[in-house]
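The next block holds one structure in the form of structure tokens; read it before the comments.
In the working numbering, the protein residues as written are -14 to 186.
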């Protein structure tokens, strides 16, 4: 339900600070639409402002006497009428006269029924969102575990390759050393043969 379904609620405690200027002097008014306490000076400005001039402002004690009771919105088109109906097609609250004048063929509900429906809808949506959030978090956790496992596998492979390289290098060095030793031996033998031949000659 859109934000135009504005239900005014009275506070449990009487505010003693003006919401506009934060004064604690002459705080005698309460706007049920804004849910704000007002001092006498700010009350006048509140009544002149375009966005708030039609708001329902009452003496502060009246605005707080109902505890958490829902107070019906006053119709801005038909003075003195309360908006106790909700037009499902236009998504607005309205009074009985609004219904007969502009919303005759529209589907409508009692305001309390509309509020209950909206509460149920919101709760259902929250359950769906929580389910999706849990699913996402679970998948994210699994992905992190998978990434960790893959990284660990890479580390093992990298270490194995390094170890094998060292082993192969050691084997190659050993073979090269053996070949060089054998080559040196052959060179020495060749020198001896050459020296023996020269001596005979």
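We put the CB at the ideal spot given by N, CA and C, even for glycine.
Notebook entry, point to check: Is it true that the segment 29 to 37 meets the segment 74 to 87, where meeting means three or more beta-carbon pairs spaced less than 8 Å apart?
Noted result: Too few Cβ pairs lie closer than 8 Å, so no.
Next item on the list: Between the Cα of residue 25 and those of 121, 162, 150, 6, spot the shortest distance and give me the residue it belongs to.
Entry: Taking the chain shown and counting its residues from 1, one reaches residue 25 at position 40. Comparing Cα-Cα distances from residue 25 to each of 121, 162, 150, 6, the minimum goes to 6.
Notebook entry, point to check: Does the distance from the C-beta atom of residue 19 to that of residue 3 stay below 8 Å?
Noted result: The sequence position of residue 19 within the chain shown is 34, counting from 1. The sequence position of residue 3 within the chain shown is 18, counting from 1. Cβ distance not < 8 Å, so residue 19 and residue 3 don't count as in contact.
Margin query: Does residue 52 pass the burial test, meaning 16 or more other C-beta atoms within 10 Å, or should it be called exposed?
Written below: Here the question's residue 52 lines up with position 67 in the chain shown. Interpretation of residue 52 is limited by its pLDDT of 43, a score under 50 that renders its predicted location unreliable; no figure is taken from the coordinates.
Notebook entry, point to check: What separation, rounded to the nearest whole angstrom, lies between the Cα atoms of residue 164 and residue 151?
Noted result: Looking up residue 164 in the chain shown gives position 179. Looking up residue 151 in the chain shown gives position 166. For residue 164 and residue 151, the distance between alpha carbons rounds to 20 Å.
Notebook entry, point to check: Which whole-angstrom value describes the C-beta separation of residue 96 and residue 78, a residue pair presumed to lie in contact below a C-beta threshold of 8 Å?
Noted result: Reading the chain shown from its first residue, position 111 is the one you call residue 96. Reading the chain shown from its first residue, position 93 is the one you call residue 78. Indeed they touch by this definition, with Cβ atoms about 6 Å apart.
Check: Is residue 4 helix, strand or coil when you go by DSSP?
Finding: On the chain shown, residue 4 is found 19 positions in, with the first residue counted as 1. If DSSP states are grouped into helix, strand and coil, residue 4 belongs with coil.
Note to self: So, with DSSP's three-state summary, where would you put residue 34?
What the structure shows: As a first step, residue 34 is located in the chain shown; it is residue number 49 there, counting from the start. DSSP, read as helix, strand or coil, puts residue 34 in coil.
Margin query: For residue 72, list the residues DSSP reports as bridge partners.
Written below: Within the chain shown, residue 72 is the residue found at index 87, counting from 1. In the DSSP secondary-structure assignment, residue 72 is bridged to 77, 93.
Notebook entry, point to check: In the DSSP assignment, what are the bridge partners of residue 58?
Noted result: Along the chain shown, one-based indexing puts residue 58 at 73. DSSP lists 68 as partners of residue 58.
Margin query: Can you give me the C-alpha to C-alpha distance between residue 67 and residue 103, rounded to a whole angstrom?
Written below: The sequence position of residue 67 within the chain shown is 82, counting from 1. The sequence position of residue 103 within the chain shown is 118, counting from 1. So the alpha carbons of these two residues sit roughly 20 Å apart.
Note to self: According to DSSP, residue 187 sits in a beta bridge with which residue or residues?
What the structure shows: Within the shown structure, residues of the chain are numbered from -14 to 186, placing residue 187 beyond reach of any answer.
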